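Contents: one structure, followed by commentary.
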Amino acid sequence: MAKRRYKKKKLTLGKVILFILIVAILYGAYYYYQNVYKKKNQLPVEGELSFHFMMLGNDHSGDSVYIKAGDNDILIDAGSETNSVDEIKNYVNQYCTDGKLEYVIATHADSDHIAGFAGTTKANTSIFDFYDCGTIIDFPRTEKDTATYNRYVEKRDKEVQEGAKHFTALECYNQSKEGALRSYQLADSVYMNILYNYFYDHDASKENDYSVCVMFTHGDRNFLFTGDLERAGEEHLKNSGQLTQVELYKSGHHGSKTSSTTDFLKAIKPKKVVITCCAAEPEYGDGYGFPHQETINNISIYTDKVYVVSTCDPTLTNGAEYVGLNGNIVVVSAENDVTVNCSVTNAVLKDLEWFRKNRTMPSAWVS
Ligand SMILES: [Zn+2]
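Okay, here's the thing in structure tokens:
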């Protein structure tokens with residue numbers, strides 16, 4: 080009997096050791112994920128307001144900007160292609176942990192801005208499938224009748240049926256519907272202001288000019304987003320008197336020379352500029368790609384703090400479809416300062432190898 084009891088005791092001890100080992104391994108894995116893996120991939124965000132310009136998982140230019148403002152999670156656009164959804168989701172979920180985007184803005188109907196909202200005909204392929212959206216703000220006008228645009232409308236309307244509010248930017252500016260505001264308070268001293276774009280209620284010759292324009296303010300700092308607004312739209316915006324110097328400007332239309340015109344830049348005198356393109360991607364048929372030299376020259380008068388998301392330049396990609404130039408770019412507005420943190424390098428455009436190989440140094444940047 081004594082021998083049997085001894086055997087039983089030995090077996091129990093083995094189970095206990097095994098249990099401790101499993102717990103230790105699980106804890107080790109959890110600790111690694113929380114303290115090493117997650118931190119390695121998560122860019123630092125301290126402060127009330129941060130803007131995240133994401134790489135979009137392919138070699139196309141497009142926009143998707145995630146903004147954290149106090150407790151609010153905001154997404155402006157979901158380009159560049161439907162395969163960007165996983166990239167956007169994986170990035171956003173590092174910061175947005177409750178599955179809710181308080182505000183979603185779709186600037187205009189081009190697919191490099193709405194593809195991730197439209198998804199495909201299959202289930203669970205749209206950003207709307209993965210988040211509860213509080214308020215959706217989009218463009219009042221479009222000439223588009225593409226499958227992507229029609230799917231966007233279908234998915235947006237389904238989200239509205241499930242409880243989201245939907246306003247056009249014009250309804251926000253005019254405050255013509257209950258809940259539609261010209262200015263949304265997001266946190267202490269942080270506001271999201273919907274600007275008036277002339278082409279909200281006038282016909283434009285270019286789809287890009289229908290873009291929703293938004294100015295975020297943090298105290299006396301301004302952060303400007305104009306989608307793909309081009310020359311005509313910029314001119315009206317400048318003449319409307321709504322512009323002032325900005326801390327940050329997302330270069331209109333991915334750094335195209337059709338945007339960031341000299342008079343417009345004169346009105347906003349940007350301190351920092353982010354260009355959301357896959358540099359040198361010849362998708363618009365000019366064999367040259369964004370950002371255009373003219374845009375760089377125009378911006379160089381005001382700042383050399385210019386950051387570019389990615390490139391597909393074959394001399395730099397080493398066989399890959401694309402690589403990050405600055406990579407994911409995070410601009411943080413903290414109490415005392417505005418800082419930029421990037422996943423690849425914090426170096427500014429003029430110091431990047433891609434720039435030296437592919438563009439000419441503007442005289443304003445020659446020290
Ligand atoms: Zn675009």
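For the record, in the sequence shown the residue sitting at position 269 is 348 according to our numbering, with numbers rising by one throughout.
Just so you know, even glycine gets a beta-carbon here, dropped at the ideal spot from N, CA and C.
Please read all numbers here as calculations on a predicted model, not as lab measurements.
- The residue from I153, K201 and G406 with its alpha-carbon nearest to that of C175 is I153.
- When the Cα atoms are used, V411 and F302 turn out to be separated by approximately 11 Å.
- If the five residues before and after H139 are omitted, its C-beta is found closer than 7 Å to the C-beta atoms of S159, E160, D191, C357, E360 and E362, all from its own chain and listed in chain order.
- Three or more pairs of CB atoms, one per stretch, sit closer than 8 Å, so the region 419-429 contacts the region 391-409.
- I146 and G258 have their C-alpha atoms roughly 21 Å apart.
- Close CB contacts of N376 within its chain, under the 7 Å cut and outside five residues either way in sequence, are with P441 (chain order).
- The three-state reading of DSSP puts I380 in coil, since its state is none of H, G, I, E or B.
- L180 sits buried, since 16 or more C-beta atoms from the chains shown fall within 10 Å of its C-beta.
- The DSSP-derived three-state label of L274 is coil.
- Between the region 318-329 and the region 429-444 there are fewer than three inter-stretch CB-CB distances shorter than 8 Å, so the stretches are not counted as touching.
- DSSP places K244 within a strand segment (E or B) once states are collapsed to three.
- For D211, the pairing in a beta bridge is given by DSSP as K179.
- For L344, the enclosing alpha helix (DSSP H) begins and ends at T341 to I347.
- Note: H297 is bridge-paired with V269 and R300 in the DSSP secondary-structure output.
- When the beta-carbon positions are compared, R300 and V417 come within less than 8 Å of each other.
- As computed with DSSP, F130 is found in a beta bridge with I146 and V410.
- In terms of Cα proximity to V427, the closest of K345, Y279 and V388 is V388.
- Annotation: H281 to V353 spans about 29 Å, alpha carbon to alpha carbon.
- Residues Y270 of the same chain have their beta carbon placed closer than 6 Å to that of T296, with the five preceding and five following residues left out of the count.
- I184 and V291 do touch by the CB rule: their CB atoms are close to 6 Å apart, below 8 Å.
- Between A157 and G195, the C-beta spacing is below 8 Å.
- L327 has its alpha-carbon roughly 12 Å from the corresponding atom of V293.
- With 16 or more other Cβ atoms inside 10 Å of its own Cβ, T340 counts as buried.
- Using a 10 angstroms sphere on the CB of P393, the tally of other CB atoms stays under 16, which defines it as exposed.
- When DSSP states are grouped into helix, strand and coil, L154 belongs to the strand group.
- Beyond the five residues adjoining it in sequence on each side, Y277 comes within less than 6 Å, by CB distance, of H315 in the same chain, given in chain order.
- Put simply, of I167, E414 and T390 the residue whose alpha carbon is nearest the alpha carbon of L431 is T390.
- DSSP places Q324 in the coil class of the three-state scheme, outside both helix and strand.
- The C-beta distance from Y279 to P219 rounds to 5 Å, short enough to meet the 8 Å contact threshold.
- Of the residues assessed, Y381 falls on the buried side of the cut-off, its CB having 16 or more other CB atoms within 10 angstroms.
- Checking the DSSP bridge columns, you'll see T390 partnered with A358 and V402.
- Taken through DSSP and simplified to helix, strand or coil, Q254 comes out as coil.
- Judged by their CB atoms, L308 and S338 are nearer to each other than the 8 Å cut-off.
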